[in-house]
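Okay, so the sequence shown: first residue is 653 according to the numbering used here, each after it adds one. Using N, Cα and C, we set each Cβ at its ideal position, and we do this for glycine too. Okay, so here's the structure we're looking at.
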Amino acid sequence: MTELVVAIDGPAGAGKSTVTRRVAEALGYTVVDTGALYRTVAHQAEQRGVSWDDAAAVTQVARELAAEDAIRFGPTQSGMTKVFVRGEDVSTAIRSSEMSQGASKVSAIAGVRDALLTMQRTLGARGGVVLEGRDIGTVVFPDAGAKFFLTASVEVRAERRYQEHVARGDSIDRALVRQEVAERDARDTQRPVAPLRQASDAILVDSSSMSIDEVVAFIVDKVHGLEAAAAKAPK
Ligand code: DC
Numbered sequence: 653m654t655e656l657v658v659a660i661d662g663p664a665g666a667g668k669s670t671v672t673r674r675v676a677e678a679l680g681y682t683v684v685d686t687g688a689l690y691r692t693v694a695h696q697a698e699q700r701g702v703s704w705d706d707a708a709a710v711t712q713v714a715r716e717l718a719a720e721d722a723i724r725f726g727p728t729q730s731g732m733t734k735v736f737v738r739g740e741d742v743s744t745a746i747r748s749s750e751m752s753q754g755a756s757k758v759s760a761i762a763g764v765r766d767a768l769l770t771m772q773r774t775l776g777a778r779g780g781v782v783l784e785g786r787d788i789g790t791v792v793f794p795d796a797g798a799k800f801f802l803t804a805s806v807e808v809r810a811e812r813r814y815q816e817h818v819a820r821g822d823s824i825d826r827a828l829v830r831q832e833v834a835e836r837d838a839r840d841t842q843r844p845v846a847p848l849r850q851a852s853d854a855i856l857v858d859s860s861s862m863s864i865d866e867v868v869a870f871i872v873d874k875v876h877g878l879e880a881a882a883a884k885a886p887k
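This is the structure we're talking about:
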């Protein structure tokens, strides 16, 4: 069977992480969580006292991480991909609400996106991967064999993010989570470099009133069809 590059893009809280993991399991593919890379840059910048608004310094942090090949993905545990930086487990630290904002900020810096591009292409180069992000189908893998744009209404997405925090035991205000989701949407869609948008050839999946099972089944079915078509296509 021909193994494809599957791109799943969409805004925060659309269910991308869970869907990506379950789709990858069903297909026997591996997961690449590209948001974790931006989160790691934000986290490393903070650790070094570098402001997220200092584009040149944050770019330098990202370039060093890329040059040293310092970021490693480990197995998924409790629905979360393990992330290591130079051996240190940063999986929990990068998923705080603060790092969500930091990642959104540093991801608007062209130099940071550039530094992480090769890393993402290398991770997906051999196919048999599901990459989750914002610009996978538009910039990172414009020729991906299967592209999906997974979204949901802002209310539904904010509620899901809030429940994720509750499940982790974070004490956080519901209204604040909604505001943060709306702020991130605005920043991610309006930035000049690689803004969040649906690729013209991506399949739109609105999960507002679909269950996770339904979304996963829909995507897996489409990918199976595309795999079969790719296997028949002349090389
Ligand atoms: O998917 P996430 O919430 O972990 O992503 C964190 C931030 O990183 C998000 O605000 C947008 C940014 N991001 C991006 O710009 N491009 C990607 N491919 C993935 C994430």
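For residue i, tell me which candidate among the options has the shortest Cα-Cα distance.
{"i": "residue 861", "options": "699, 719 and 807", "result": "807"}
{"i": "residue 675", "options": "696, 796 and 780", "result": "780"}
{"i": "residue 689", "options": "745, 708, 671 and 653", "result": "745"}
{"i": "residue 665", "options": "856, 679 and 830", "result": "830"}
{"i": "residue 959", "options": "878, 857 and 876", "result": "Outside the displayed range of the chain (653 to 887) lies residue 959, so it cannot be described from this structure."}
{"i": "residue 730", "options": "658, 743, 720 and 718", "result": "743"}
{"i": "residue 774", "options": "822, 718 and 747", "result": "718"}
{"i": "residue 765", "options": "707, 726 and 821", "result": "707"}
{"i": "residue 728", "options": "722, 837 and 741", "result": "741"}
Measuring only between beta-carbons, confirm whether residue i sits less than 7 Å from chain B.
{"i": "residue 759", "result": "In the displayed structure, chain B is absent; only one protein chain is listed."}
May I ask you to report which of helix, strand or coil DSSP gives residue i?
{"i": "residue 732", "result": "strand"}
{"i": "residue 796", "result": "coil"}
{"i": "residue 826", "result": "helix"}
{"i": "residue 742", "result": "coil"}
{"i": "residue 854", "result": "coil"}
{"i": "residue 843", "result": "coil"}
{"i": "residue 782", "result": "strand"}
{"i": "residue 723", "result": "strand"}
{"i": "residue 705", "result": "coil"}
{"i": "residue 871", "result": "helix"}
{"i": "residue 885", "result": "coil"}
{"i": "residue 656", "result": "coil"}
{"i": "residue 768", "result": "helix"}
Do residue i and residue j have their CB atoms nearer than 7 Å?
{"i": "residue 854", "j": "residue 800", "result": "yes"}
{"i": "residue 656", "j": "residue 776", "result": "no"}
{"i": "residue 711", "j": "residue 667", "result": "no"}
{"i": "residue 772", "j": "residue 686", "result": "yes"}
{"i": "residue 682", "j": "residue 879", "result": "no"}
{"i": "residue 890", "j": "residue 658", "result": "The requested residue 890 does not occur in the structure, where the chain is confined to residues 653 to 887."}
Give me the Cβ distance between residue i and residue j, rounded to the nearest whole Å; I'm assuming they're in contact under 8 Å.
{"i": "residue 714", "j": "residue 767", "result": "4 Å"}
{"i": "residue 810", "j": "residue 833", "result": "4 Å"}
{"i": "residue 755", "j": "residue 691", "result": "4 Å"}
{"i": "residue 888", "j": "residue 660", "result": "Past the edges of the chain, shown from 653 to 887, lies residue 888, and the structure says nothing about it."}
{"i": "residue 859", "j": "residue 802", "result": "6 Å"}
Legend entry - Cβ contact check for the region 847–858 and the region 784–792: 3 or more pairs under 8 Å: yes
Legend entry - Stretch-stretch touch, CB-based, cutoff 8 Å, three pairs: the region 838–847 with the region 757–772: yes
Inset, instruction - Answer yes if the region 809–828 comes into contact with the region 865–872, meaning at least three C-beta pairs across the two stretches below 8 Å, and no otherwise. - result: no
Legend entry - Three CB pairs or more closer than 8 Å across the region 828–843 and the region 778–785: no
Legend entry - the region 695–706 / the region 730–746 touching (three or more Cβ pairs under 8 Å): yes
Inset, instruction - Count the CB pairs spanning the region 668–682 and the region 817–824 that are closer than 8 Å, and state whether there are at least three. - result: no
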